[in-house]
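Take the sequence shown: its letters are residues 66 to 409, numbered as in our numbering.
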Amino acid sequence: MELDEVRSLYEGRPPFATVYLEARSPAEDSPQQVRLRWEELRRDLVAQGAGDEALEALDRAVLGEEAGEVQSSGRVLVADASAVRLDAPWDAALGAGDAAHLAQEPELGAYLRERERSVSMLVAVADQHGAVIRDLTVSESDVPAPEDETVVADDSDTVHKPREGALSHKQIQRRADEVAKQNLREVADHLEDAARRRRPDLVVLAGEVQGRTTLRDELPASLQEHYAEAQAGGISDDGAEEALADELRSLAAGVSENRAREHRERFEAGKAHGLAVEGSAGVARAAERGAIEMLLLEYDRSATAEAAHLGGAVRTGAEVGLVDIELTDGIAALLRFEITEGTR
């Protein structure tokens with residue numbers, strides 16, 4: 066993933082306080098639970114030497130949020146010496162629960178791992194009348210509420226079963242098929258436009274078989290090699306929604322695993338040609354020379370001096386990716402150019 070969206074964090078004034086609040090089940094006493102959890106983390110930050118301005122800014126951010134939202138979605142916050150510079154949802158299923166850090170660099174490893182494992186999707190839940198299109202960011206453990214939802218060509222009255230004689234039956238059936246095809250053509254056009262604007266990692270076709278099949282046939286060439294189908298689930302009731310969520314989580318896991326495998330293959334090829342380094346010392350030398358194209362982290366293990374390496378990657382315009390192998394010191398890098406003794 067590209068790191069542009071977190072680059073402004075590193076322009077703040079250190080030290081940086083990084084707070085992770087894990088997602089938990091909402092409850093009637095959610096406000097009290099969030100307050101108690103924050104008070105414990107706050108004491109930890111005070112013990113680490115956090116300043117009053119940073120703590121007060123975090124007070125406002127944590128306690129000013131809707132408690133149910135913090136409780137159900139989780140939160141990651143980063144404050145510099147005087148202001149909160151990041152306040153974003155965070156799914157602690159991939160992390161270690163509540164935590165607080167004070168350091169010269171933001172502790173973003175857990176957050177960036179979650180982001181790298183997440184998959185942006187355009188999901189079209191289709192029937193003969195059209196589709197509901199959802200813009201989602203899905204991980205292998207979480208399907209959050211849609212960031213956007215659009216109903217396309219939902220004219221239920223124009224598609225119906227024939228009820229009269231043989232000739233009328235054929236005519237009505239033909240008309241119904243034509244209307245259904247036109248409806249799904251509109252959906253396909255909308256998907257193409259939305260995909261062009263949003264650039265999702267994956268377009269997913271879901272819903273009833275007939276609608277999904279017709280929509281697949283209407284997809285433009287630009288999406289023909291860029292889609293997947295959810296074989297189960299829909300939006301008709303809670304059971305259908307959960308079945309669809311299971312399918313989306315499985316698709317997200319597959320995309321994430323493919324990314325990690327591709328990064329591993331690039332790393333192995335890079336090592337053979339002097340375009341990859343491994344270990345904390347080698348990565349630090351590469352960062353000093355502005356040579357890092359992509360910083361590589363292990364899926365689940367923190368790296369030696371991880372926050373410092375992430376800071377170096379951000380400041381030199383590098384990306385970050387995950388690999389599914391064990392690395393020396395938990396870290397490696399793909400390089401823009403080969404580093405030699407004379408490289409400056």
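Beta carbons are placed, not taken as given, at the ideal position from N, Cα and C, and that holds for glycine. In this text the structure is predicted, and so the values were computed from the model without any measurement.
Next item on the list: Mind checking which residues open and close the alpha helix (DSSP H) that includes Leu375?
Entry: For the purposes of this step, residue 375 is identified with residue 310 of the sequence shown, where counting begins at 1. Run containing Leu375: 371-380, per the alpha helix (DSSP H) assignment.
Notebook entry, point to check: Is Tyr75 helix, strand or coil by DSSP?
Noted result: Your numbering for residue 75 matches position 10 in the sequence shown. In the structure shown, Tyr75 sits in a helix (DSSP, three-state: H, G or I).
Margin query: Is it buried or exposed, Ala337, if we count other Cβ atoms within 10 angstroms and call 16 or more buried?
Written below: The sequence position of residue 337 within the sequence shown is 272, counting from 1. Answer is exposed; the Cβ neighbour count stays below 16.
Check: Just the Cα atoms here: how many angstroms apart are Val342 and Arg180?
Finding: Here residue 342 refers to the residue found at position 277 when the sequence shown is read from its first residue. Here residue 180 refers to the residue found at position 115 when the sequence shown is read from its first residue. Between the alpha carbons of Val342 and Arg180 lies a gap of roughly 24 Å.
Check: From Leu387 to Ser367, what distance separates their C-alpha atoms?
Finding: Looking up residue 387 in the sequence shown gives position 322. Looking up residue 367 in the sequence shown gives position 302. Going from the Cα of Leu387 to the Cα of Ser367 covers about 11 Å.
Item checked: Same chain, Cβ closer than 8 Å to Glu384, neighbours up to 5 away in sequence not counted -> Reading the sequence shown from its first residue, position 319 is the one you call residue 384. Hits under 8 Å: Met66, Glu67, Leu68, Glu358, Met359, Leu360, Ala378.
Notebook entry, point to check: If we call anything under 8 Å between Cβ atoms a contact, is Pro80 one with Ala175?
Noted result: Stepping through the sequence shown from its first residue, residue 80 is reached at position 15. Stepping through the sequence shown from its first residue, residue 175 is reached at position 110. Result no, Cβ atoms of Pro80 and Ala175 do not sit closer than 8 Å.
Next item on the list: Using alpha carbons as the reference points, say which of Ala286, Gly195, Ala297 lies closest to Arg250.
Entry: As a working mapping, residue 250 is identified with position 185 in the sequence shown. By alpha-carbon distance to Arg250, the top candidate from Ala286, Gly195, Ala297 is Gly195.
Check: Roughly how far, in whole angstroms, is the beta-carbon of Arg78 from the beta-carbon of Ala164, given that I think they are within contact range, below 8 Å?
Finding: Here the question's residue 78 lines up with position 13 in the sequence shown. Here the question's residue 164 lines up with position 99 in the sequence shown. Between Ala164 and Arg78 the Cβ distance is about 22 Å, and since that is not below 8 Å, they are no contact.
Check: With respect to the alpha helix (DSSP H) encompassing Ser185, which residues constitute its N-terminal and C-terminal limits?
Finding: Stepping through the sequence shown from its first residue, residue 185 is reached at position 120. Ser185 -> not in any alpha helix (DSSP H); beta strand (DSSP E) instead, spanning 184-192.
Next item on the list: In angstroms with no decimal places, state the Cα-to-Cα distance between Arg102 and Glu294.
Entry: The count along the sequence shown starts at 1 and reaches residue 102 at position 37. The count along the sequence shown starts at 1 and reaches residue 294 at position 229. Straight through space, the alpha carbons of Glu294 and Arg102 are spaced by roughly 41 Å.
Next item on the list: Tell me whether Asp200 sits in a helix, a strand or coil according to DSSP, three-state version.
Entry: The residue you call residue 200 lines up with position 135 of the sequence shown. Here Asp200 sits in strand by DSSP.
Item checked: Pro285 burial status per 10 Å Cβ neighbour count (16 or more: buried) -> In the sequence shown, residue 285 corresponds to position 220, counting from 1. Result: exposed.
Note to self: My output table needs one value for Phe81: the three-state DSSP class, helix, strand or coil.
What the structure shows: Against the sequence shown, residue 81 aligns to sequence position 16. In the three-state reduction of the DSSP assignment, Phe81 falls in the strand class.
Check: So, using beta-carbon positions, are Gly299 and Leu288 closer together than 8 Å?
Finding: For this step, residue 299 is matched to residue 234 along the sequence shown. For this step, residue 288 is matched to residue 223 along the sequence shown. It is not a contact, given that the beta carbons lie outside the stated cut-off.
Check: Skipping 5 residues on each side, what residues in its chain have a beta carbon closer than 6 Å to that of Glu229?
Finding: Residue mapping note: residue 229 aligns to position 164 of the sequence shown, counting from 1. Low confidence applies to Glu229: its pLDDT is 48, below 50, so where it sits in the model is not reliable, and the reading given next is rough at best. Closer than 6 Å at Cβ, skipping near neighbours: no residue.
Next item on the list: Report, in whole angstroms, the separation of the C-beta atoms of Val197 and Val216, which I expect to be a contact under 8 Å.
Entry: For the purposes of this step, residue 197 is identified with residue 132 of the sequence shown, where counting begins at 1. For the purposes of this step, residue 216 is identified with residue 151 of the sequence shown, where counting begins at 1. 6 Å between Cβ atoms; contact.
Check: Just to confirm, are Asp152 and Ala115 a CB contact at a threshold of 8 Å?
Finding: Residue mapping note: residue 152 aligns to position 87 of the sequence shown, counting from 1. Residue mapping note: residue 115 aligns to position 50 of the sequence shown, counting from 1. In terms of Cβ geometry, Asp152 and Ala115 do not form a close pair [threshold 8 Å].
Note to self: On the CB-based measure, 16 or more other CB atoms within 10 Å of its CB, does Thr83 come out buried or exposed?
What the structure shows: Taking the sequence shown and counting its residues from 1, one reaches residue 83 at position 18. It is buried - the Cβ of Thr83 has at least 16 other Cβ atoms within 10 Å.
Next item on the list: Note down the Cα distance separating Glu391 from Tyr364, rounded to an integer number of angstroms.
Entry: The residue labelled residue 391 in the question sits at position 326 within the sequence shown. The residue labelled residue 364 in the question sits at position 299 within the sequence shown. Computed Cα separation, rounded: 9 Å.
Check: Can you list, in chain order, the residues of its chain whose CB lies under 8 Å from that of Leu232, leaving out five sequence neighbours each side?
Finding: Taking the first residue of the sequence shown as 1, we reach residue 232 at position 167. Any answer about Leu232 is weak, because its pLDDT of 48 lies below 50 and its placement is not dependable; what the coordinates show is given next. Excluding sequence neighbours, Leu232 sits near nothing in its chain.
Notebook entry, point to check: Terminal residues of the continuous alpha helix (DSSP H) containing Gly319?
Noted result: The residue you call residue 319 lines up with position 254 of the sequence shown. In this chain, the alpha helix (DSSP H) harbouring Gly319 covers 303-337.
Notebook entry, point to check: What do you reckon, are the CB atoms on Asp266 and Met186 nearer than 8 Å?
Noted result: Reading the sequence shown from its first residue, position 201 is the one you call residue 266. Reading the sequence shown from its first residue, position 121 is the one you call residue 186. Taking 8 Å as the Cβ cut-off, Asp266 and Met186 qualify as a contacting pair.
Next item on the list: Kindly provide the ranges of any alpha helix (DSSP H) runs that are 4 or more residues long and lie completely inside the region 91-141, ordered along the chain.
Entry: Listed in chain order, the complete alpha helix (DSSP H) runs (minimum 4 residues) inside the region 91-141 are 95-113, 117-129, 132-138.
Check: Which of the three DSSP states, helix, strand or coil, is assigned to Thr215?
Finding: For the purposes of this step, residue 215 is identified with residue 150 of the sequence shown, where counting begins at 1. Three-state DSSP puts Thr215 in a strand.
Note to self: Under DSSP, the alpha helix (DSSP H) around Ala383 begins and ends at which residues?
What the structure shows: One-based indexing of the sequence shown puts residue 383 at position 318. First-last for Ala383: undefined, no H or E at that position.
Check: Based on Cα-Cα distance, which residue from Val348, Ala112, His291, Leu86 lies nearest to Val143?
Finding: For the purposes of this step, residue 143 is identified with residue 78 of the sequence shown, where counting begins at 1. Nearest C-alpha to Val143: Leu86.
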